[in-house]
Structures are given as C-alpha cells and as structure tokens.
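Presented below is the structure to which this report refers.
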C-alpha cells in the first residue's frame with residue numbers, strides 16, 4: 001500500500017526530523033473590547049482616586065505630595081494606605097498630628113472611610129464628557145463583548161456599572177483589582193476578564209487604556225491595545241482644565257502622551273474613547289490579513 | 001524652544017497621522033510549562049475515564065460504544081452522564097434494563113458512583129511509564145513554574161497531585177475543568193492556570209498536551225504548544241498494548257498522530273513528555289530571537 | 001511599592017537579559033524626492049557630456065571610443081580628462097597629433113574648454129521632452145521637497161537650475177559631484193542632499209535615477225528608488241532617435257533596461273519621470289503599512 | 001530568436017505589470033561606529049555643560065532651574081543662552097540683578113565666557129572612568145571607522161579630540177552641532193559624519209548614544225543604535241555620586257533608563273561603552289542573516 | 001578608473017563575503033488553474049470509482065468494506081485491484097466464491113471489466129450540479145490556462161474531456177495518474193501538467209482539489225491551493241444525498257471537511273468550484289503584493 | 001454536545017469567514033541537486049558548442065560573429081542552425097560561397113555534421129578541471145539525488161554521462177533541451193528532471209548553473225539556486241586562458257559575473273562546483289528554520 005503519509009511525515013523525538021511545519025493563526029473577528037475604567041471610560045482626568053485620598057488625609061491635617069497619588073493609582077485600596085504610611089514624610093506628619101501610626105484595625109477603619117470618599121468622588125467624575133454613544137452602538141452592532149478592568153474595589157464598581165448602563169454603556173463583565181493577585185502590568189486583570197467573557201482567542205481581544213501599565217497589561221495578555229492620550233492619567237486634568245489650555249499647551253501634552261503610549265507598545269493612540277472606531281476597523285482588517293497583536 | 005518631539009510625532013485621531021510606529025515583543029525566558037494531565041502527565045493510554053464509565057454502565061448491563069468514550073473526554077463528569085443519556089441507543093438500553101431514565105437526583109447518585117470508579121481507574125493509571133525525572137529536574141533548574149489543567153473533578157485531582165509529587169513531579173498550580181465555564185479548545189483552563197502561576201506574559205508559557213483540543217487551547221491562549229503523539233488520546237493504548245505492536249504498526253500510529261497534532265498547529269510533536277527538553281530549549285532560543293508562539 | 005517596571009525589564013550588559021524588545025519604524029509621509037539630473041530630469045539620451053568630450057577631442061583630431069564615454073559618466077570633469085589620458089589608444093593618438101601629453105597646467109586648460117563645451121551641449125539637451133508639469137504639480141501639492149544630485153560641475157548646474165525653474169521644475173536644493181569625496185554608488189550625494197533638505201528620516205526620501213549606480217546610491221542611502229528605463233544612460237538615444245525605432249526595437253530596449261534596473265534593486269521602474277506619480281502614491285501606502293525601502 | 005527576457009519582464013508605466021520583483025539588502029560588515037560625545041564617550045554624568053552654564057549665571061547671582069539645564073542640552077551654545085533668556089523667571093532675576101537684558105553684542109560676550117567655562121568643565125569630565133581600551137582595540141581590529149557627533153562648539157571639540165587620542169580613543173572624524181542646521185532627533189549630525197567617514201551604506205553604521213534624542217537621530221539616519229543607560233543624561237550623576245548609591249537605587253535607575261532607551265527604539269541598551277562589544281558582534285551576525293536596523 | 005562595483009561586491013567561495021543580497025519574487029498574474037477531476041470538477045460525491053469497484057466485485061458475490069474504497073482512490077486502476085486482493089477478508093471471500101485467487105492474466109481481464117464499469121459510472125456522475133459556467137467564463141476572461149489531473153486511466157479521461165467541453169469547461173491539458181511514477185501527495189501530476197501548460201513559474205499556478213492528498217500535491221509543487229469541502233471525497237455524498245441532510249448535519253460536515261483541508265495547508269477552502277472566483281482574485285492581489293504560496 | 005469545532009471554524013464561500021488560518025512549510029532535507037551541464041559540470045569555458053558551430057561553418061568559408069554563438073547557446077541544435085540562417089550577414093556569406101540557402105533536407109544534413117562536431121568538441125572539454133570528487137562524495141553521503149539538465153541533444157548527452165560516471169560523477173537522471181517545449185528561463189527542464197527524480201517538494205531541490213537563464217529556470221521552478229561565476233558562460237574562457245590572466249583581470253571578471261548572477265536572484269554564487277558544499281549546508285540550515293527558496 002502506497003502510504004505516502006508515512007513517507008512524508010516523521011515525528012521529532014531525536015530520531016528523525018519532521019519534513020513539514022504547520023503554523024496556525026487566528027484570523028477571525030474581534031470578540032471583546034476590554035476597557036480600563038478610570039481615565040478611559042469614566043473620570044476624564046483620572047482624578048477621583050487622588051481626590052478621595054487627598055480629602056481623607058486632609059481630615060487629618062495631612063497634605064499628600066502629588067506624585068504619590070499617581071504612584072498608588074494601580075493598587076487596591078488597602079494597599080494604597082499601607083503604601084502611603086510607608087513614606088517617611090507622611091509618617092512624620094501623621095505622628096505629629098495624630099500620635100502613633102494606625103494599627104491594622106485602624107487601617108481597616110480608614111479604608112472604610114476612604115471607600116465612602118471614593119464613591120463620592122467617582123460619582124462626581126462618572127461621565128467622560130465625550131461622545132461614547134456612537135462607538136458603543138458600533139461595538140454592539142459588531143457583536144463585540146464589552147469588559148471592564150477597574151482598580152476600584154468591588155463595592156464602588158458595583159455602584160458605577162448600572163449608572164454607566166443608563167448612559168448606554170452596557171458592560172458584559174467587569175473585574176476588580178481586588179480579584180487578582182498581581183497589579184498591572186501583569187496580565188491578570190485582562191486575562192481574567194477575557195475568560196469570563198468566553199472569548200475564543202486572546203488575539204481576538206482589544207484592551208483600551210489611558211495608562212502605560214494598562215497598555216503593557218494588554219500586550220502581556222497577547223491582546224491588541226489602544227491608548228487614550230487626552231483622557232486619563234498622563235493629562236491628569238479635568239475636562240474644564242483641559243478646555244482652558246491654549247492650543248500650544250494641548251499640542252505639547254498630546255504629543256508627549258501619544259509618544260509615551262506608542263513607546264510602551266500601544267498599537268494605536270487616540271484622544272479619547274470616542275475615537276476608537278477606526279482603530280477597531282483597522283484591527284479587523286489586520287486580523288483578516290493574518291496579522292497578530 | 002526647538003521642540004522636535006512635537007515635530008516628529010502626531011496623535012492619530014483623524015486629524016494628523018503618526019510618523020512613527022513602535023512594536024513591542026516579549027523576548028525573555030519561558031516562565032511556565034502547563035501540562036494536560038490524562039494522557040500527557042499520567043495515564044499513558046488516556047484510558048482511565050473511559051474505563052470508569054464503561055465499568056459503571058456495565059453494572060447496569062449497558063455497553064458503551066468506543067467512540068462515545070472519546071467524545072465525552074473533554075467534559076466535566078456530570079456533563080458526561082448527561083451527554084450519554086442523550087444518545088438514543090443508550091437511552092434504549094437503559095429503559096430496557098432499568099425502566100425509566102434517571103432523573104436529576106439519580107444522575108447525581110450515578111455521578112457519585114462514577115467518581116468512585118474514576119479514582120480507582122485513575123490511580124491504576126497514575127504512572128506514565130517513561131523517564132520524567134530528567135525533564136522535571138531540567139524544568140526546576142530553569143526556574144519554570146509547573147501548571148496542570150485536568151478534566152478530572154477537583155476531588156480526584158486533589159488525590160492525584162500528592163502522588164505525583166512523590167514521584168518528583170511537583171505541581172505549582174492545577175485547574176480542573178469544573179473551575180471554568182467552557183471546555184477546550186476554549187483557552188479558559190490554560191489562561192486561568194497561567195494567571196494563578198503569576199506569569200508575566202502569555203508568550204512565556206508552554207502548553208503540553210496529547211489531544212488536538214488541548215493544543216488548540218494552548219494556541220488560543222497565545223502560548224507555545226508541544227503535542228505528545230504516543231502517550232495519550234490518539235494512540236489510546238496502554239504501555240503494554242503499545243509494546244506488543246510491531247514496528248510497522250507503531251510507525252503508522254506515530255506518523256498519523258504526529259501529523260494530526262502538527263496540523264492542529266502544535267509547534268512541536270514528540271513521543272512523550274520525556275522528550276520535551278530539546279523543545280523547551282528551542283523555544284528559549286526562538287523567544288530570544290524575538291519569535292512569538 | 002510594587003515596582004513592576006523593575007521586574008519586567010533588565011539591562012543587557014552581560015548580567016541579565018532584557019524581557020522586552022521594541023522596534024521603531026518610520027510610517028509617515030514622503031518628505032523629499034531627489035532626482036538625478038542628466039538622463040532623468042534633463043537630457044533624454046544622457047548624451048550631453050559625451051558630446052562635449054567628443055567635440056573637444058575632435059578639435060585635436062582624436063576619436064573617442066563610445067564605451068569610454070559611458071565609463072567616465074560618473075566622474076567630475078577633471079577626473080574625466082585624466083581617465084581618458086590613461087588609456088593607451090588615446091595617449092597614442094594624442095602624442096601622434098599633438099606631441100607630448102598634456103601636463104597639469106594644460107589639463108586645467110583643456111578642462112576649461114571642456115566646461116564651455118558642456119554648457120553648450122547641456123543647454124541644447126535641457127528639455128526632457130515628456131510631460132513633467134503634472135508630476136511636479138503633484139509633488140508640490142503633496143508638500144514633498146525636491147532635490148537634485150548632478151555630475152555636472154557647480155558652474156554648469158548653477159546655469160541650468162534657473163532654466164528648469166522657468167519650466168516649472170523648482171529645485172529646493174542641488175548637490176554636485178564636485179561637493180563630495182566619493183562618486184556613486186556611494187551614498188554621499190544623496191545623503192548630503194537629504195541633510196540640506198532637512199528631511200527627518202532617510203526612509204522618507206525617494207531617489208529617482210536613470211543609471212544603475214544612481215539606484216545603488218539611493219539604496220545605500222536607505223531610500224526608496226525609482227529607475228527610468230527609456231530616458232537615460234541605458235537607452236542613450238535622443239528623443240528623435242528613439243521615435244524612429246520600431247515597436248520591436250523599443251520593446252527590446254525597454255525590457256532590457258527595466259530588468260537591469262530592477263535587478264540592481266530599484267523599487268520601481270518606469271519609462272520617464274512623467275510616470276512616477278503612481279509610484280510615489282504606492283510608496284506612501286507602503287510607508288503607512290510600516291514597510292521600509 | 002527566442003527572446004525569453006522580453007517574455008518574462010515588462011516595464012511598469014501603466015501599460016503592463018512587471019512579473020518579477022527584486023529586493024536588495026546590505027549584508028556586509030559594520031563599517032563605522034559613531035559615538036555621541038558627552039555622556040557616552042566622555043563626561044560620565046553628562047554634567048559639564050550644565051555646570052558651565054550654572055557657573056556662568058552664578059557670577060550674575062542667578063540660579064538656573066535644573067530641568068532647564070537638560071532642556072538646552074541639544075542646542076549649540078549661543079542658542080542655549082537665547083533659550084534661557086526667553087524664560088520668565090530667568091529674565092526677572094537678570095533684570096533684578098543686572099538691569100536691562102543683554103543685547104546681541106552682550107550675548108556674544110556671554111557666549112565667549114560660556115565657552116571658556118565649558119572648556120574648563122569639559123576637561124574636568126574628560127575621562128569616562130570605565131574600561132574603553134578593550135572595546136576600542138576590538139573596533140580597530142575589526143577595521144570599523146570611528147566617528148563622533150558632539151554638541152560642543154568646534155573650539156572645544158578640537159581641544160578634546162587629541163586628549164582622547166592619548167587615552168587610546170582615536171577618532172577618524174567628528175562633527176559639531178554647529179555644523180548642521182537641525183539638532184537631534186533630526187539625522188543631520190549622524191549622516192554628515194557617515195558621509196565624511198566614506199561609509200558605503202547607512203545600514204553599515206552603528207550610533208552609540210546616552211540620550212533618547214541621540215537614539216532617534218541614529219534611527220532616522222537608518223542606522224543601528226546602542227543606548228548607554230548608566231553613563232549619560234538619564235542618570236546625570238558623576239561616577240562618584242553613582243558609586244555611593246545603594247544597589248536598590250542603582251537598579252531602579254538602570255531599569256528606568258534602560259526601558260526609556262528601548263522604548264525610543266534603541267536596538268541594544270548597555271550600562272556604558274565598555275559593554276558594547278557583544279552588541280557589535282550581534283549586529284554583525286544579524287547583518288549577515290540579512291536583517292536591517 | 002573608480003570601479004566601485006568591484007569595491008562593493010565580493011564572491012562567496014570561502015575567501016571574501018558578499019556585501020549585498022538580492023531576493024527575486026514572482027509578482028505577476030496567475031497563469032494556470034489545475035483541477036482535480038473526481039469530486040472537484042465532476043462527480044459531486046467522488047463516488048464513481050467506488051461504485052465501479054463495488055459493482056465489479058458484486059458480480060463475484062463480494063462485498064467491499066467502504067473504507068477500502070477510499071483507501072484505493074489515489075491509485076491507478078490495476079494497482080487498485082492488487083491492493084484489494086492483498087486484503088485478507090477479500091481474499092477469503094474470493095477464494096470461497098471463485099476458488100483460487102486471480103493470476104496476472106486474470107487480473108488484466110478484471111481490470112478491463114473495471115474500466116468498462118468506470119466509464120459507465122463516471123458518465124453518470126459527469127455533471128457537478130453547481131454553476132461552473134460563471135467561474136469558467138471568469139477564468140477564460142483572465143486568460144488563465146486550465147489543466148486537469150485525474151486518477152482515471154487515459155481511456156476514461158479521453159472520453160470525459162470532450163463531454164466537459166460541451167458543458168463549457170474547456171481543458172487545455174490533462175494528465176492521468178497512469179502518466180507518472182508516484183501518486184499524490186507527490187507533486188508529479190501537478191508539475192507534469194504545469195510544464196505541459198507552459199507556465200512560467202510554479203508560483204503562478206493554482207491547484208483546486210477536494211482531497212487532502214491533492215492539496216498536499218499542490219503545496220509540494222510550490223503552488224497555491226484551494227480545497228472544496230462539500231463536493232468530493234470527505235462528504236462522499238451525491239448531490240441528492242446532500243440535499244436531504246438537515247442544516248445541522250450539513251454544518252457539521254462542512255466544518256469538519258473545511259478544518260481538515262485547512263489543516264492540510266489549503267490556502268482557501270470553499271464549498272464547490274462555483275465559489276473559487278473570489279479566491280482567485282485574492283491570490284492575484286497577494287501575488288501583486290509579493291506574497292508566495 | 002459541545003461541538004467546539006463547529007464553533008471555531010467556518011467555511012469561506014461568501015457566507016461566513018474562517019476563524020483560523022494554517023500555513024504549511026517544507027522543512028525537511030535537500031532531496032536533489034540538479035546541475036546544468038555545459039559550463040557548470042563539464043566544459044570550464046562553456047565553449048564546446050560555439051567551437052563546434054564555428055568549425056562547421058568554417059568548412060563553408062563562413063566566419064560566425066562571437067556574440068551570435070552566445071545567443072544560440074540555449075537552443076536545441078536544429079533551432080541553432082535556423083537561427084543562424086536568419087541572420088543577414090550569414091545568409092549573405094553563405095549565398096556568396098555556396099549559392100542558394102540550404103533547404104530543410106540540407107539543414108538536417110548540416111545538423112548531423114554539427115552533432116558529430118559537437119561530440120568531438122564536447123569530449124575535448126569534458127573535464128571541469130577542479131576538484132569535484134569531494135563535493136560529489138558529500139552529495140552521496142547526504143543521500144541527495146543528482147540530476148542534470150543539458151542543452152546537448154540526447155545522443156551527445158548519452159555519450160557523456162558514462163564518461164562522467166567514470167570520474168565519480170554519478171547522475172541519477174538527465175533531461176535534454178530536446179525533451180521539452182520551452183527553453184530556459186522557463187522551468188520546464190528543471191521540473192521535468194525533478195519529477196523524474198521523484199522528489200517530494202520543489203523546495204527540496206537545488207539548481208546549480210553558470211548562466212543567468214539557468215538561475216531563472218531554477219527560481220521559476222521554486223528551487224534554491226547556486227551560480228558558478230568562474231566556470232561557464234560569463235567568463236567564457238578555458239581553464240588555460242583563465243590561468244594566464246592577472247589577478248586584477250580575474251577580480252574584475254569574478255566581481256561582474258558574481259554581481260550578475262546575484263542580481264538574477266541566485267541564492268549563492270561561487271567560483272565553481274567545487275565550492276558548493278558550504279552552500280548546501282547553509283540551505284539545510286535554512287530549510288530547518290522554515291525558510292523557503
């Protein structure tokens with residue numbers, strides 16, 4: 001019997017080489033778009049968390065240095081407090097005004113206060129004052145699932161999701177930083193969300209994020225990434241503050257934020273989520289051509 | 001001020017194109033090797049589950065058709081029973097011998113019996129009679145984490161893992177099909193395991209599996225994949241049955257299994273896990289050259 | 001503080017490898033088109049220099065072999081004379097008709113005569129009798145800068161540039177072979193011109209040339225290249241001579257010239273500069289896709 | 001006559017497509033290594049220029065803000081002064097202490113003083129206290145030419161080059177920022193240097209630089225690039241200051257500098273020039289395989 | 001004379017490396033489409049050969065096992081008989097009903113009977129009941145040549161070709177398995193056909209086939225390949241049998257056949273030849289972009 | 001039943017796109033090396049055919065122009081005579097010396113004389129005076145098959161093959177230009193030879209040739225190609241004539257021949273067949289890495 005199969009193929013375990021090599025690539029459609037929350041989907045200036053912390057510590061006569069607020073942005077809330085109390089200048093101020101440093105129990109207490117404050121601040125910053133209706137209609141029409149990764153604790157996020165739904169932003173699944181063991185740039189949040197959304201392939205997912213670490217998270221998860229340069233962490237201005245800038249100032253911020261996000265590896269950089277439709281269309285075209293994130 | 005940055009970079013939101021394009025690739029070391037259990041790590045012929053089902057139904061005078069046993073191999077156990085009771089010929093036999101078909105409660109009862117049977121059969125097939133010591137020493141020396149994805153329920157897996165540890169196969173984390181919402185080829189098991197192993201990038205993971213669907217699972221998760229052609233589902237023979245084959249018969253099985261696994265997209269195909277070291281070394285070299293799974 | 005950055009990145013100085021690899025590509029617009037002069041932009045048959053030499057030596061009763069004229073085409077003018085006086089047959093003729101060979105001073109004298117002759121011949125061949133208006137309008141509209149590399153000495157070129165401007169061909173900068181230390185295929189002329197045109201990236205430049213060495217010059221400079229097969233050195237016929245050829249003869253010349261230019265590495269080959277617009281458009285599309293020259 | 005050439009090749013001028021496509025790549029050896037001067041080849045902390053400015057303005061009771069010193073680092077010297085006098089706070093201080101702002105003539109005067117100061121500071125920082133002998137011996141043995149691009153004015157550079165030669169660093173050609181019309185990241189300095197070094201192809205050149213803009217300059221010139229993370233602008237510490245840091249502090253600086261340089265597109269990042277030999281060897285291997293910068 | 005050519009190019013025979021590397025690619029048009037006959041161009045269910053064999057052996061009271069019919073499908077006819085008479089169960093039946101096994105002469109006799117039967121069966125299955133007119137008009141309009149590779153002996157094929165011509169399917173050249181020394185997946189049939197069609201490059205050919213081995217044949221010949229999933233060997237049903245299936249059954253068959261053909265390496269998989277026009281257009285676009293099969 | 005296969009794969013016939021894309025590559029060993037005869041394997045200067053023609057016409061007092069001899073080199077012998085008698089100057093000479101031009105019958109007569117002459121000349125040039133023993137021992141040891149494509153008629157080739165065998169060059173199969181319908185650069189000879197050698201894939205074949213058209217033939221056949229620069233058509237000198245050249249003359253010829261062959265697309269260029277072993281080893285390495293010709 002002319003068994004040509006056995007002629008043309010050999011196993012590779014040190015005895016005989018394989019004649020043929022097969023390479024599989026995903027070339028289907030996008031299946032899910034996963035958004036970061038603060039700075040990307042809500043809270044134009046990514047300022048709510050910082051404001052909440054600031055206001056909490058103000059009650060204790062303590063002023064937080066601005067760069068510290070950025071440094072804790074990726075941490076779950078209790079970890080934020082622990083991080084702050086490890087900083088010398090904050091420790092000193094606290095001891096000066098409050099006596100001894102908080103113990104575990106008092107930290108828990110402070111954390112509860114912090115969450116209350118975060119809910120207030122987050123609700124004030126809920127809307128991202130750009131047109132997101134059109135892009136979410138497009139996403140629904142294409143049948144993409146919508147995921148969210150957030151650094152808010154589960155309580156706050158649970159509060160916000162229904163409010164977003166009322167504005168036409170329906171989330172299929174969300175994951176909180178409290179659900180995973182590693183903060184960004186580890187891919188934990190994005191992968192956990194993708195599994196919950198029942199995607200078929202990581203190459204079928206798009207991560208949208210305003211922060212460098214969020215872009216890295218998406219890349220580490222094997223996903224396409226879109227950065228937002230104007231809403232979010234880099235700009236760190238409310239929409240009103242942004243509107244009061246001169247064109248030159250805006251161009252400078254946009255250029256620097258865009259370059260940073262591209263250099264982190266973002267496949268696309270736009271101003272805000274209202275600009276992502278053409279990116280999603282381009283990703284579809286590239287997937288069809290057999291390109292990968 | 002000669003702000004050349006703003007000259008050479010432009011944002012992409014429909015107004016002005018970006019001059020530069022940045023592409024990031026993971027080029028570090030392998031971080032985790034994730035093994036399928038049955039047919040790959042234990043149970044040379046991938047026969048334990050089938051035997052357990054067979055023996056259970058034999059108690060009720062029912063003979064299961066062989067191809068059915070393969071068809072249920074990827075399902076959690078209760079789903080296996082439901083699948084079988086949806087098949088006409090099995091329904092008929094059952095009704096003939098047992099009267100009415102089992103209701104939900106009776107199915108649960110049967111499922112408990114099935115698990116008992118599975119533990120017996122799995123323990124009999126625990127050892128994969130090939131040298132795995134050398135390869136696991138290599139894996140430990142390289143610092144790779146070891147994960148396992150299994151289709152056994154959590155009870156059985158919990159039983160087996162310590163027995164494997166005694167043989168020198170130390171598992172850092174394992175996930176059961178019962179933990180996820182979608183069976184293979186969806187990437188759920190592999191991704192859940194990778195997150196639990198705290199890997200930095202999906203490109204840093206290697207999935208080792210004897211089945212086509214397991215290879216697809218790894219590819220969908222953005223991982224490297226190694227197929228085992230002789231141990232496992234395709235061969236479906238115990239080590240004794242395999243040893244009694246002629247060289248010609250073995251070559252035919254090896255060729256066909258190897259070709260199937262390659263065509264499913266496996267990056268490497270070997271006989272058993274004792275052959276994977278050179279594959280892991282080649283993956284390291286390819287990662288270093290900037291290649292991706 | 002969870003400094004993930006320091007986890008995921010390592011320097012490469014022999015101690016620890018880098019996990020990530022970044023690749024930057026220019027994907028902006030064309031910034032400059034750099035034309036060869038003789039045979040490409042003026043002088044359809046690339047014959048002016050040869051005619052000038054021929055006429056100069058005819059005054060001394062010396063007949064120059066035709067292939068010699070091609071051989072000196074890339075040299076600055078004094079070097080052309082020295083090259084010719086190193087050829088035995090020319091030396092012999094000269095000595096026979098003029099007695100002793102020219103010394104340095106006499107060579108300088110001859111060179112002055114040669115330049116006068118070149119200006120006459122070049123002016124007669126100034127126009128490239130094809131439609132270049134359309135293509136230069138396109139170039140201006142796109143905002144591309146226009147450069148010229150020429151093998152004429154600076155005097156002659158200075159004369160010709162204003163005449164070209166009158167015909168609608170406005171040159172932003174030109175460089176003469178006399179300005180650089182190495183003739184083509186070295187990239188000196190093209191790079192010097194690009195720097196003077198203030199281009200941002202060599203990948204943003206296009207070299208248009210009728211000669212193999214000019215194509216190589218462009219490639220060595222990291223630029224895109226377009227060859228002209230009918231105007232220029234290979235054809236070496238005036239427009240009138242070309243028009244008198246049969247279709248078969250023309251096809252043969254066109255095929256051979258085209259193949260030679262492609263084999264030298266030209267990205268595109270056209271008949272004359274009036275055909276380059278579609279090439280420039282294709283280069284724009286390829287740059288946008290991230291392709292490089 | 002069976003003219004198969006004319007069968008298989010057609011010109012591309014809108015009439016008939018070309019059947020064949022040819023692609024040329026440089027695959028020879030490295031021909032030149034072009035070093036930035038300050039922070040790369042001399043002046044470990046890239047502090048000389050800042051010190052000179054600081055000391056100059058101190059004479060007029062003016063304190064320069066540290067980030068300003070970094071901002072002017074890429075400018076020719078007169079432009080540095082003009083840049084500083086455009087800053088409000090400096091203007092104010094000057095007017096307060098010196099009355100009216102300097103006119104053109106006084107600026108020239110200040111510039112002469114600045115140069116004197118620069119020569120003093122530069123000479124103090126001449127040596128890069130790492131082993132550069134070995135690497136320059138390797139470079140010479142390989143036959144690579146050595147170029148330097150510097151932001152010092154020509155006077156200072158002329159002074160320094162012979163001093164470097166005494167230490168075994170022989171420079172074949174150097175170019176000053178004063179020689180070109182555009183500062184980095186434009187490719188002007190690197191290309192001008194390459195032309196003067198008579199290289200055959202830009203792909204045969206390697207740019208070594210400690211600054212992001214210098215890496216971009218190399219990439220824009222079509223060259224390979226190596227960044228130095230510890231010596232130079234990012235660290236901005238003298239060797240003594242560096243040696244007094246803890247390992248943790250050093251790791252943090254190294255990680256951040258390395259990541260920045262990689263993200264700017266550097267092909268390799270090392271600590272200092274004493275680590276570049278393995279990079280040069282790897283570039284040779286990649287050129288041979290047909291890879292491009 | 002400045003012979004730069006000899007500077008920039010070196011031969012590679014162990015003495016000096018070549019500086020430059022040239023790569024040629026075919027980027028012209030498709031020149032030929034080569035069809036498999038049974039299951040692709042005629043005989044929707046690829047059943048004629050099996051029917052002929054079945055009917056022949058039925059005359060001798062022998063029932064052939066269905067999988068055997070598939071196994072012989074690639075063999076020339078006499079080899080089919082020899083293959084069958086090597087199978088134990090068939091030998092047994094034959095001896096039981098006919099006494100001794102056929103000798104060479106009797107085999108020849110049986111072969112003649114087989115051919116008669118094949119002609120009958122083939123003629124009954126001649127038409128592929130899908131619209132092939134449109135696609136063959138497209139093929140003619142594009143100027144592609146049409147080839148056929150068939151496993152019928154030359155007599156039968158000679159009979160069928162004119163009948164196809166009557167239906168508008170004009171074949172420029174056909175080759176029979178009897179003409180070559182190796183059956184598929186060896187590339188013999190496809191290459192022999194391509195040579196006879198006077199194609200310029202194997203990359204300019206497209207093989208259309210319903211079987212895995214036929215797809216492999218095309219790939220081995222360096223050609224583009226299109227698989228037909230519904231007509232042909234995998235489905236193995238007549239058009240009537242197919243029409244009577246439920247949508248679910250059809251989807252299952254289509255999915256499995258499509259996946260098998262893709263995994264064998266087919267560049268495209270369609271239902272039947274009536275769907276290939278868009279594939280041919282896509283191949284043209286890919287050839288133009290410089291892609292290869 | 002959770003039939004994930006049908007979820008993840010869709011056929012492509014205009015209704016639903018395929019999610020996955022599979023790409024197959026040959027990565028086995030070289031299977032055959034196919035040599036051109038004249039100028040590559042025998043007849044160092046590729047002069048035998050020209051000498052035979054010259055001597056034939058000399059008998060009739062006719063001098064053939066040298067470039068004509070090169071032009072006919074790819075034609076079967078009768079076609080050579082017809083080609084020559086279509087040239088005006090030859091017609092004139094013939095009519096002047098012999099009266100009327102030869103009719104078909106006389107041409108046949110002349111052709112017989114030509115073959116006799118060719119046998120004489122070919123035998124005189126049989127040996128390629130370089131060491132081919134080592135390379136043919138390597139080829140045999142590797143198990144590569146050896147093919148030959150020749151432009152000699154079958155009579156002459158039949159004569160020469162046994163003589164080569166005596167020198168240790170054993171040919172497995174040879175094909176004459178008389179066997180195919182199209183001369184080079186069509187791939188007919190190479191493909192016909194490969195089929196006769198029973199190769200599995202065109203990517204497993206290497207064509208070795210001294211002429212541009214032979215290199216193109218190999219590329220058109222989808223094969224790897226090696227050009228010989230010193231033996232063969234370009235040099236067109238006997239080994240004695242070559243040995244009498246100065247080093248400068250040899251370098252010039254080698255450079256030009258090498259560049260021509262590379263530009264035609266040759267993957268490798270060497271001096272003579274005695275240098276091809278390292279090329280074959282490099283092709284093996286590239287095949288293993290998944291590269292294609």
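Protein chains in written order, with the UniProt record's numbering: chain A, 1 to 293; chain B, 1 to 293; chain C, 1 to 293; chain D, 1 to 293; chain E, 1 to 293; chain F, 1 to 293. Glycine included, C-beta positions come from ideal geometry on N, C-alpha and C. All values derive from a computational prediction rather than experimental measurement.
CB contact below 7 angstroms: residue i versus chain A
{"i": "residue 222 (chain F)", "result": "no"}
Interface partners of residue i on chain D, CB under 8 angstroms
{"i": "residue 22 (chain B)", "result": "263, 265"}
Assigned secondary structure, residue i (DSSP; H/G/I helix, E/B strand, else coil)
{"i": "residue 60 (chain C)", "result": "coil"}
{"i": "residue 4 (chain F)", "result": "Confidence at residue 4 (chain F) is low in this model, with a pLDDT of 30, below 50, so the placement of that residue should be treated as unreliable; the coordinate-derived value is given next. Reduced to three states, the DSSP call for residue 4 (chain F) is helix."}
{"i": "residue 234 (chain E)", "result": "coil"}
{"i": "residue 44 (chain B)", "result": "coil"}
{"i": "residue 266 (chain F)", "result": "coil"}
{"i": "residue 221 (chain A)", "result": "coil"}
{"i": "residue 25 (chain F)", "result": "strand"}
Within-7 angstroms CB hit, residue i to chain E
{"i": "residue 179 (chain F)", "result": "no"}
Selection from the options that minimises the alpha carbon distance to residue i
{"i": "residue 76 (chain A)", "options": "A:60, A:108, A:64", "result": "A:108"}
{"i": "residue 36 (chain C)", "options": "C:156, C:243, C:175, C:269", "result": "C:175"}
{"i": "residue 282 (chain E)", "options": "E:237, E:34, E:225, E:186", "result": "E:225"}
Within chain D, the residues that residue i reaches when beta carbons sit closer than 7 angstroms
{"i": "residue 188 (chain C)", "result": "195"}
Any C-beta of chain B under 7 angstroms from that of residue i
{"i": "residue 25 (chain C)", "result": "yes"}
Test: residue i CB closer than 7 angstroms to a CB of chain D
{"i": "residue 143 (chain E)", "result": "no"}
{"i": "residue 168 (chain E)", "result": "no"}
* Does the segment 46-65 of chain D touch the segment 74-90 of chain D, meaning 3 or more C-beta pairs lie closer than 8 angstroms? -> Touching, per the Cβ criterion.
* Asked: Does the segment 200-219 of chain D come close enough to the segment 160-179 of chain D that 3 or more CB-CB pairs lie under 8 angstroms?
  -> They do not touch, by the three-pair rule.
* Asked: Pairing CB atoms from the segment 67-74 of chain B with CB atoms from the segment 135-150 of chain B, are three or more of them under 8 angstroms?
  -> These segments do not touch.
* Asked: If we count Cβ pairs, one from each stretch, closer than 8 angstroms, do we get three or more for the segment 222-240 of chain D versus the segment 21-34 of chain E?
  -> Output reads no: the segment 21-34 of chain E does not touch the segment 222-240 of chain D.
* Counting pairs of Cβ atoms below 8 angstroms between the segment 141-149 of chain B and the segment 159-173 of chain B, do you hit three or more? -> The count of Cβ pairs closer than 8 angstroms, one atom from the segment 141-149 of chain B and one from the segment 159-173 of chain B, reaches three, so the stretches are in contact.
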